[in-house]
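Only one structure is covered here, and it is reproduced in the block below.
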Ligand SMILES: [Zn+2]
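Residue numbers (my numbering): 490 to 909.
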């Protein structure tokens, strides 16, 4: 953080760690410089970087007593749409499709709704503050790029990212909401979006939307290579058609050596295929280093979280749509999302509840390639403190009275971003 200097220090006392022990944190320049059992004296190296403690005329480090609250790493919002939500704007009643779910029809409804909406920057800010208020300090947002809106959404959300850089880390995906091959000019727009600052190139149902899996993926992966960008593809196709595309994406990722830089969002197909096919897909995804994003949607088969994790696949999560033209749900709370993932997955044991929690924290950090994440010496001091006995109870109880710390400073409390 620009306003912080290396000498700025804070001591956090009586933090409850995931293993139930109480610890004191020493934060220097926005990072954990030491973590010791509660009540222990500052370590020698902390004193070395803080020789001023007690020295007349020098400000002592701030001391914050966390009073035994559970402390966890800040949540990772791995899939959201900052440009299309109406959160904080007027309520938009959901319009049903005329003849079963149809992406093209929904995109048309979306265009109609957006034309009458509050300014995008304002709606994005509302949604972003909702997420930070609930404890997410890193986010991946898809941003619509197509022939009708051009780069206007990307330009607006890039400016929003810049404005809130000190509050939250945001990755942007250039997202072809209207397909690539079926929307002439989109490939060039995606290229330009990546040049402007998007971090990843997106995709949308290569088979069912563009009806050309090879053509669609050729464009996506060529752009990724050209810009050194990651890939995160929306894939809603189910069954064998979905599985086929997952395999194609994994094969390309492996061939291009892009392990750790590719994700498939939704991948519903993984939720409705036979166990032997799932086992093969899991092994292939793990070997290729392709992550799977699921928000455990209410009315869909979705990727089996436990089986994929068992196979070594990084499974992460996000809110996806929040009060937009696709559905009215979403609260921007990744702890509640862990609860939903656990609920829909039939997770009851503590180790399973902890796995649901991992999906919204460490696994998310891995999928997004976040450096220096977690409660560990040297990591960025981005964390959430809340009243809970331990992680499994937090996943079940979803306590809302949380305090969110960004680089060791409180930035949100009880769901609200504090004045900066
Ligand atoms: Zn999405």
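We put the beta carbon where it would ideally sit given N, CA and C, even for glycine.
Check, Outcome
"Which residues have a Cβ closer than 7 Å to any heavy atom of ligand 1, listed in chain order?", "568, 570, 631, 723, 754, 809, 810"
"Look up residue 742 in the DSSP assignment and give the residues it is bridged to.", "BP columns for residue 742 are empty, so no partner."
"Compute the Euclidean distance between the alpha carbons of residue 892 and residue 868, then round it to the nearest angstrom.", "19 Å"
"Candidates 627, 504, 693: which alpha carbon is nearest residue 669's?", "693"
"How is the beta strand (DSSP E) around residue 498 delimited, first residue to last?", "498–505"
"I'd like to check one pair, residue 823 with residue 834: are the Cβ atoms closer than 8 Å?", "no"
"Is the CB-CB distance between residue 632 and residue 906 below 8 Å?", "no"
"Tell me whether residue 629 is buried or exposed, calling it buried when 16 or more other Cβ atoms sit within 10 Å of its Cβ.", "buried"
"For residue 635, list the residues DSSP reports as bridge partners.", "639"
"Does the distance from the C-beta atom of residue 501 to that of residue 569 stay below 8 Å?", "no"
"Taking just the CA atoms, how far does residue 550 sit from residue 540?", "Because residue 540 carries a pLDDT of 44, less than 50, the predicted location of this residue cannot be relied on, and the following value inherits that uncertainty. Near 11 Å, if we compare the C-alpha coordinates of residue 550 and residue 540."
"What did DSSP end up calling residue 866 once you bin it into helix, strand or coil?", "coil"
"Could you check if residue 587 is buried or exposed, using at least 16 other CB atoms within 10 Å of its CB as the buried criterion?", "exposed"
"Our contact map puts residue 647 next to residue 704 with C-beta atoms below 8 Å; I'd like the distance itself, whole angstroms only.", "28 Å between Cβ atoms; not a contact."
"Taking Cβ to Cβ, would you say residue 688 is nearer than 8 Å to residue 719?", "yes"
"Going by DSSP, which residues form a beta bridge with residue 566?", "628"
"Pull up the DSSP beta-bridge partners for residue 905, would you.", "902"
"Please classify residue 698: is it buried, with 16 or more other beta-carbons within 10 angstroms of its beta-carbon, or exposed?", "buried"
"In this structure, how does DSSP classify residue 581 when only helix, strand and coil are distinguished?", "coil"
"Using the three-state DSSP reduction, which class does residue 675 fall into: helix, strand or coil?", "helix"
"Check residue 764 in the structure and name its three-state DSSP category.", "helix"
"Report yes if the C-beta distance between residue 819 and residue 810 is below 8 Å; otherwise report no.", "yes"
"Pull the bridge partners of residue 719 from the DSSP assignment, please.", "689"
"Around the Cβ of residue 788, are there at least 16 other Cβ atoms within 10 angstroms (buried) or fewer (exposed)?", "exposed"
"From what residue to what residue does the alpha helix (DSSP H) around residue 834 run?", "823–834"
"Can you check which of these residues, 814, 519, 743, 515, is closest to residue 530 by C-alpha distance?", "515"
"Nearest to residue 712 by CA position, among 726, 732, 680, 730, is which residue?", "680"
"Would the segment 738–752 and the segment 773–790 be scored as touching if the rule is three or more Cβ pairs under 8 Å?", "yes"
"Three-state secondary structure (DSSP) at residue 887?", "coil"
"Is it right to say residue 813 is buried, meaning 16 or more other beta carbons lie within 10 angstroms of its own, or is it exposed?", "buried"
"Under the rule that 16 or more other beta-carbon atoms within 10 Å means buried, what is residue 652, buried or exposed?", "exposed"
"State the start and end residues of the unbroken alpha helix (DSSP H) segment that holds residue 851.", "851–857"
"Among 733, 678, 675, 615, which has the Cα closest to the Cα of residue 702?", "733"
"What's the call for residue 895, buried or exposed, on a 16-neighbour Cβ count within 10 Å?", "buried"
"What's the C-alpha gap between residue 773 and residue 526?", "42 Å"
"Determine the DSSP secondary structure at residue 812, reduced to helix, strand or coil.", "coil"
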